[in-house]
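Under my numbering, think of the first position of the sequence shown as 8, with each following residue one higher.
Using N, Cα and C, we set each Cβ at its ideal position, and we do this for glycine too.
These numbers come from a predicted model, not from an experiment.
For reference, the structure is listed below as structure tokens.
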Amino acid sequence: MNTSDQSGYMNGSIVRLRLENFVTYDLIEFFPGPNLNMIIGPNGSGKSTFVCAICIGLGWNTSFLGRAKDVNEYIKFGSEKAHIEIELKGLDNEPNIIVSRVIHIDNTSSWELNGVPSSLKYVREKMDDLNIQIDNLCHFLPQDKVCEFAQLTPEKLLKETERAVGDVEMLLQHEKLIELRASQKNDLSAKTMDQAQLENLNERQAITRRDVERFHEREAILKTIEILNFKIPFVQYSEARKAFYDSKNLRNEKKAELDKILKEYDPFFRKKTQMEATLNQYVAENNEIKNSLNCQKSALDSLILSFDEYDNSIKDISGEIRAEKRREKERDQKIKELKETIAFIESRISDKPSENYMNDILDKLNEVNGHLKIIRKELQDLNTVIGEHINRINESKVALKQIQNKLDDLDNVREQRLQWLKQNDRDVFDAVIWLSNNRNKFKDHVYEPVYLEISVRDLKYADFLEACFQKNTYMAFTFLNRDDYILFNRILVDSKEGCGRELRLHTTEFSNTSSPSLDMQKQPCVSSELKQNFGMDGYLLDFVDGPSPVLNTLCHIANIHRIPVSINEISDECYRKLSQSVNSANQLIFPVFISGRTHYTMKKSKYGRKDVSTVTKLVTKAQRFKTTVNAETKKLLEQQIIDLELVIKKDEDSIQELRKTEERIKIRFNDEINRKNNLLKKKEGMEKEIKEWDSQVIKLEKTKKTLYSLESFSNQYTDNIKKLKEKMDEIVEQHSVSAIKLKDLILDAFQTTKDMICTSIREIQANANYVDVVEENTEIVTKIDDIKKSYEELKQTTQNLRSIAANKLEIARKNLENVDEETRKEMENQMEQDMTEESLNEQINIEKIKLEFIYQTNPNVISQFEKREHDIKVLKKRIEEYESRLQKVESDINNLRKIWEPRLDNIIYKINCSFSEAFEYIGCVGEVRIGKSDEFDKWRVEILVKFRDNENLQLLTSQRQSGGERSVSTIFYLIAMQSISKVPFRVVDEINQGMDQKNERLVHAKLVDVMSKKNTSQCFLITPKLLSSLQYSNNMRILCICNGDWIVQESSSDMQKYVELIRNIKLAKEVV
């Protein structure tokens, strides 16, 4: 096809697309038109491959296709690499852009841009310059993403619409508004918090301000008292210093007076001194004689005392002699008594107790002990058996507790899943809570979402289950009749009656279908045959537990009864069997199966060779079914609880019987114990008699020994008397010697007394002379003594005052060292010459009285007050910054909104006009409007549709409308954007699936009418089927894809001539 004429192509439109070894193609080249391009062909012929090539070839990720994850999976089977080359219309007056991508088998790619090696990053930048939006569902809607368009949130749809029909600046303005509003909310929230905090701080400051003022006032008074107290030592030193100098002057005056009077009466004092010396000499001589006399008196006293000791010794010896005689008499009496005792004991021990009677008692005791040992053994064995039963009961109770905990853990799985719903889908969670409180409104049981009702029997298959589930599958409610289904939707989905808002829910009901119950679901073959013939573990249904109606729902919406699964990878032979298994209608029996970690989806073409194409994807780890409730395990645990309770009951009954036996044995044991006690009493009596006899024998022996000892003591008595008399003779001799010494001492003492009398007479005469002299001059002596006394007192007083003044000075200096410079200067300024300690104490008392009227404040209150003052300043400054920033943000929002909102209103207005017109064209009602809010991230595009006269306009959702209704709404919304779209091209794959013939024909006509207009975006519509006699436009191009055994590899036929020939044939028929 000639590509030289490129008039009508928008910049960035696809002019040419060439594929080599890509998916199903060996080599193909497309030449699309500038407007509507309709790509038609049988299933499996490679239509969707065209869509994949555009996405991958222009640098987007495979995730936008919803198919294979790795890019190397798009290489044709048996080839080492695939090549995609796309030629795009260049910018004005610039050559076309040719993008080339080679995909290698090792999952790497190489890029070229206009024949020059390039990078993915540079290619994407080039695509952004051309405003190509593969990642926007409003422009690029692959087959596997059609359902996602209806699932777009209204907020997301608005952004995608802005990207699609606006420009980059418009979306940036919206995002900027969202950012500004978020910033404004954050600042406003922060400002409100700060204002509340500031108000709180101000209130607290107002409360504590008076306390702070009182604190400072109190501190000032304390400071004044401190200064006054510091002044007291200085005043005290000043007063002490003055008193010292006054006392010193008085002392000096008294010294001069004393010296003068001593000089005047000097002769008298010399004579007085001489007489004092003579008197002192006589006093000393007299004292010496008195001392000698005292020594003689002491010797006499000592000698007289020895006479008393001699007398006492003689008396003691006489007493010992008398005592010795008394002991001798007592010994004789004791000997007589001992002889009588020996005779009495010998008479008592003549008859010894019998040993035979004792042996008889011992034999009976041994017999009783034997019986007791046997009974104890019986009790011990019985207690062992009872202990075994008790241990078994305890072990059973422990096991019972463990099993009960396991059951509780199984029940806890539902709570975990319910919490997951609360976090991830609040509508479903609220519906579950409402249902649990309103089950009485329904005729039959209503089953909660599949996620809460089912569990995986073996967690190894949880990955497979999640691989086959869509989000709606987890959230599906199951109803057993149509009335309950309609009532539930009316309350929760179509109105705000149930939860205060319309909920987005997925509800199912299959009572009027061909399989209303699980037992009516048909499987290709039984599980045993599946394992035997195909190597699979079974159907996915075999590994799921849950209520039958819920499992039936999963069969309807997820086909779990027809999906074979295997933990291990199956062999190539089994894979071949699965892919070639067809039914009588030549349809695949197993279009979906899972082997190992791979999910296989197979499609068989309805045309040509009816080749089978396979799409694979990796099975990821399960997220929702990490934990599961196994019904068989739960049933087994419950049975184990019943079994354990029976075991416990049986053991408890056995223990009761054993306790009765134990009581009987204890009665026997007590009888033997009583018999033993009686024998022991007899034994004790016998032992007591024997012990008494033995003790008497021992006593007899001891008495005889004592008698022998006393009888042998008679010779010792005579020796003791003799020794005592000799000792008395020695004491009498010593007494005579001491009497002679006493006479000599008395004579010496008499002479000393005579000498003392003479000396005393001389002393008395000298003292009388001295007294006469002193009495003659008594007045002078008294005067001098008074002056001396006064002088000594003044001298001592002066010395004391000097020490006091020094101490006061030292105290004052130390206090001065402990004050700061400011206090020191203040003290110096306040120091007065006439200040006294009394006046200072008076001032201190006045200040203390003031202080008593001001209660003490906690210093922490002051530090907190000052901290709050600082915090208040910081908060005020921050609030001012917030206000300034908020004013600027509000201004920026208003200015930006004035630009952005009118443009958005205009765009949505145009879309709404086209959308409403399209719906009116098919006899339905449709409306597109903006849902505005103060929060720009909540602005939304709301698509409202009405397909029946008895309905109201309803929001387009992925649950409320049928598949065909969603397809019609989606294509009309895309059509509505066509005239204002600014992207180079748009792609829609199999959007007409699910439409009835009427809607499909009307939609096709509208689509051709709008998308075939010149100067609009290039559009690709892919479909496997078309109705006959559909509307056609000369501005549209139809690309037919055919394959089969009879398709020549390189056709030289002219398709244009073929079309003209067919058209002429039709015209000829009409003429006829």
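(request) Please report how far the alpha carbon of F222 lies from the alpha carbon of D878, in whole angstroms. (result) Along the sequence shown, one-based indexing puts residue 222 at 215. Along the sequence shown, one-based indexing puts residue 878 at 871. Going from the Cα of F222 to the Cα of D878 covers about 21 Å.
(request) Answer yes if the region 919-937 comes into contact with the region 171-189, meaning at least three C-beta pairs across the two stretches below 8 Å, and no otherwise. (result) no
(message) When you compare the CB positions of G505 and L512, do they come within less than 7 Å of one another, or not?
(response) The residue you call residue 505 lines up with position 498 of the sequence shown. The residue you call residue 512 lines up with position 505 of the sequence shown. Not closer than 7 Å, so no.
(request) For C765, count neighbouring C-beta atoms within 10 Å of its own C-beta (all shown protein chains included) and say buried if the count is 16 or more, exposed if not. (result) In the sequence shown, the residue the question calls residue 765 occupies position 758. It counts as exposed.
(request) If I'm right that L1046 touches P161 with Cβ under 8 Å, what's the distance once you round it to whole angstroms? (result) Numbered from 1 along the sequence shown, position 1039 holds the residue referred to as residue 1046. Numbered from 1 along the sequence shown, position 154 holds the residue referred to as residue 161. The Cβ separation is near 35 Å, so there is no contact.
(message) Can you tell me which residues form a DSSP beta bridge with V935?
(response) Residue 935 sits at position 928 when you count from the first residue of the sequence shown. I950.
(message) Could you check whether the region 76-85 touches the region 1028-1042, counting it as contact only if at least three pairs of C-beta atoms, one from each stretch, sit closer than 8 Å?
(response) no
(request) Taking A483 as the reference, give the member of E422, H563, K467 with the closest Cα. (result) By 1-based counting over the sequence shown, the position of residue 483 is 476. Of the listed residues, the one whose Cα sits closest to A483 is H563.
(request) Taking A75 as part of the beta strand (DSSP E), name the residues at either end of that continuous run. (result) As a working note, residue 75 is residue 68 in the sequence shown. It is not in any beta strand (DSSP E) - A75 carries neither H nor E in the DSSP assignment.
(message) Could you check whether L286 and N848 sit closer than 7 Å to each other, using their CB atoms as the reference points?
(response) Working through the sequence shown from its first residue, we reach residue 848 at position 841. Working through the sequence shown from its first residue, we reach residue 286 at position 279. No, they are not a contact pair.
(message) Once DSSP output is grouped into helix, strand and coil, what is the label at S891?
(response) Sequence index remark: in the sequence shown, residue 891 carries index 884 (1-based). S891: helix per DSSP, three-state reduction.
(request) Check H452 in the structure and name its three-state DSSP category. (result) Taking the sequence shown and counting its residues from 1, one reaches residue 452 at position 445. If DSSP states are grouped into helix, strand and coil, H452 belongs with coil.
(request) Could you pull the start and end residues of the alpha helix (DSSP H) that M1018 belongs to? (result) By one-based count along the sequence shown, residue 1018 stands at place 1011. Element bounds for M1018: 1004-1018.
(request) Could you tell me the distance, in whole angstroms, from the CA atom of F351 to the CA atom of D726? (result) Your numbering for residue 351 matches position 344 in the sequence shown. Your numbering for residue 726 matches position 719 in the sequence shown. When rounded, the distance between both Cα atoms is 35 Å.
(message) Along the chain, where does the beta strand (DSSP E) containing Y32 start, and where does it finish?
(response) Your numbering for residue 32 matches position 25 in the sequence shown. Taken as a continuous stretch (DSSP letters only), the beta strand (DSSP E) holding Y32 covers 32-37.
(request) Could you have a look at K54 and say whether DSSP puts it in helix, strand or coil? (result) For the purposes of this step, residue 54 is identified with residue 47 of the sequence shown, where counting begins at 1. Helix, per DSSP.
(message) For the beta strand (DSSP E) containing L494, name the first residue and the last one.
(response) Working through the sequence shown from its first residue, we reach residue 494 at position 487. Counting along the chain, L494 falls outside any beta strand (DSSP E), though it belongs to the alpha helix (DSSP H) covering 489-495.
(request) Please determine, among L386, P531, Q646, the residue with the shortest C-alpha to C-alpha distance to I596. (result) Along the sequence shown, one-based indexing puts residue 596 at 589. Of L386, P531, Q646, the residue nearest in Cα terms is P531.
(request) Could you say if the region 483-497 and the region 442-455 meet the contact criterion of at least three C-beta pairs nearer than 8 Å? (result) yes
(request) Tell me whether R967 sits in a helix, a strand or coil according to DSSP, three-state version. (result) As a working mapping, residue 967 is identified with position 960 in the sequence shown. It is coil, neither helix nor strand.
(message) Closest to L510 by C-alpha separation, out of R464, R433, M543, I900, would be which residue?
(response) For the purposes of this step, residue 510 is identified with residue 503 of the sequence shown, where counting begins at 1. Cα-wise, what sits closest to L510 is R433.
(message) If the criterion is Cβ atoms closer than 7 Å, does the pair K815 and Q243 meet it?
(response) Counting from 1 along the sequence shown, the entry for residue 815 is found at position 808. Counting from 1 along the sequence shown, the entry for residue 243 is found at position 236. Contact: yes.
(request) Tell whether a beta-carbon distance below 7 Å holds between R216 and T805. (result) Residue mapping note: residue 216 aligns to position 209 of the sequence shown, counting from 1. Residue mapping note: residue 805 aligns to position 798 of the sequence shown, counting from 1. Not a contact, by the Cβ cut-off of 7 Å.
(message) Taking its Cβ as the centre, do 16 or more other Cβ atoms sit within 10 Å of C931, making it buried, or is it exposed?
(response) Numbered from 1 along the sequence shown, position 924 holds the residue referred to as residue 931. Result: buried.
(request) Please list, in chain order, all residues of the same chain as V22 whose beta carbon is under 7 Å from its beta carbon, the five residues on each side excluded. (result) The residue labelled residue 22 in the question sits at position 15 within the sequence shown. Excluding positions up to five away in sequence, the list reads T10, Q13, Y16, E94, L95, K96, N103.
(message) Please state the DSSP three-state secondary structure of C765.
(response) Along the sequence shown, read from residue 1 onward, the residue named residue 765 stands at position 758. C765 falls in the helix class under three-state DSSP.
(message) Tell me which residues share the same chain as A247 and place their Cβ nearer than 7 Å to its Cβ, disregarding the 5 neighbours each side in the sequence.
(response) Here residue 247 corresponds to residue number 240 of the sequence shown, with the count starting at 1. So the qualifying residues of the chain are L808, I811, A812, K815.
(request) Please go through the same chain and pick out, in chain order, the residues whose beta-carbon is closer than 7 Å to the beta-carbon of K624, but skip the five residues on each side of it. (result) On the sequence shown, residue 624 is found 617 positions in, with the first residue counted as 1. So the qualifying residues of the chain are A75, K76, H606.
(request) Let me know if Q1004 comes out buried or exposed under the rule of 16 or more other beta-carbons within 10 Å of its beta-carbon. (result) On the sequence shown, position 997 is the one that residue 1004 refers to. When all chains shown are included, Q1004 counts as exposed.
(message) If contacts are defined as beta-carbon pairs under 8 Å, then I368 and K695 qualify, I think. What distance do you get, rounded to the angstrom?
(response) Working through the sequence shown from its first residue, we reach residue 368 at position 361. Working through the sequence shown from its first residue, we reach residue 695 at position 688. Not a contact, Cβ separation roughly 13 Å.
(message) Here's the rule I'm using: 16 or more other beta-carbon atoms within 10 Å means buried, otherwise exposed. How should S403 be labelled?
(response) Here residue 403 refers to the residue found at position 396 of the sequence shown. The residue in question, S403, is buried, as its Cβ has 16 or more Cβ neighbours within 10 Å.
(request) Using three-state DSSP, classify C145 as helix, strand or coil. (result) Here residue 145 is taken as the residue at index 138 of the sequence shown, counted from 1. Correct three-state label for C145: coil.
(request) Indicate the three-state DSSP secondary structure (helix, strand or coil) for V22 in the structure shown. (result) Translated into the one-based positions of the sequence shown, residue 22 becomes position 15. Three-state DSSP puts V22 in a strand.
(message) What would DSSP say about G326, mapped onto helix, strand or coil?
(response) Here the question's residue 326 lines up with position 319 in the sequence shown. Helix.
(request) State the start and end residues of the unbroken alpha helix (DSSP H) segment that holds E101. (result) Within the sequence shown, numbered from 1, the residue matching residue 101 stands at position 94. Unbroken run through E101: none, as it is neither H nor E.
(request) Rounded to whole angstroms, what's the CA-CA distance from E800 to I794? Just pull it up for me. (result) Residue numbering aside, residue 800 sits at position 793 when the sequence shown is read from its first letter. Residue numbering aside, residue 794 sits at position 787 when the sequence shown is read from its first letter. Rounded to whole angstroms, E800 to I794 spans 10 Å at the Cα level.
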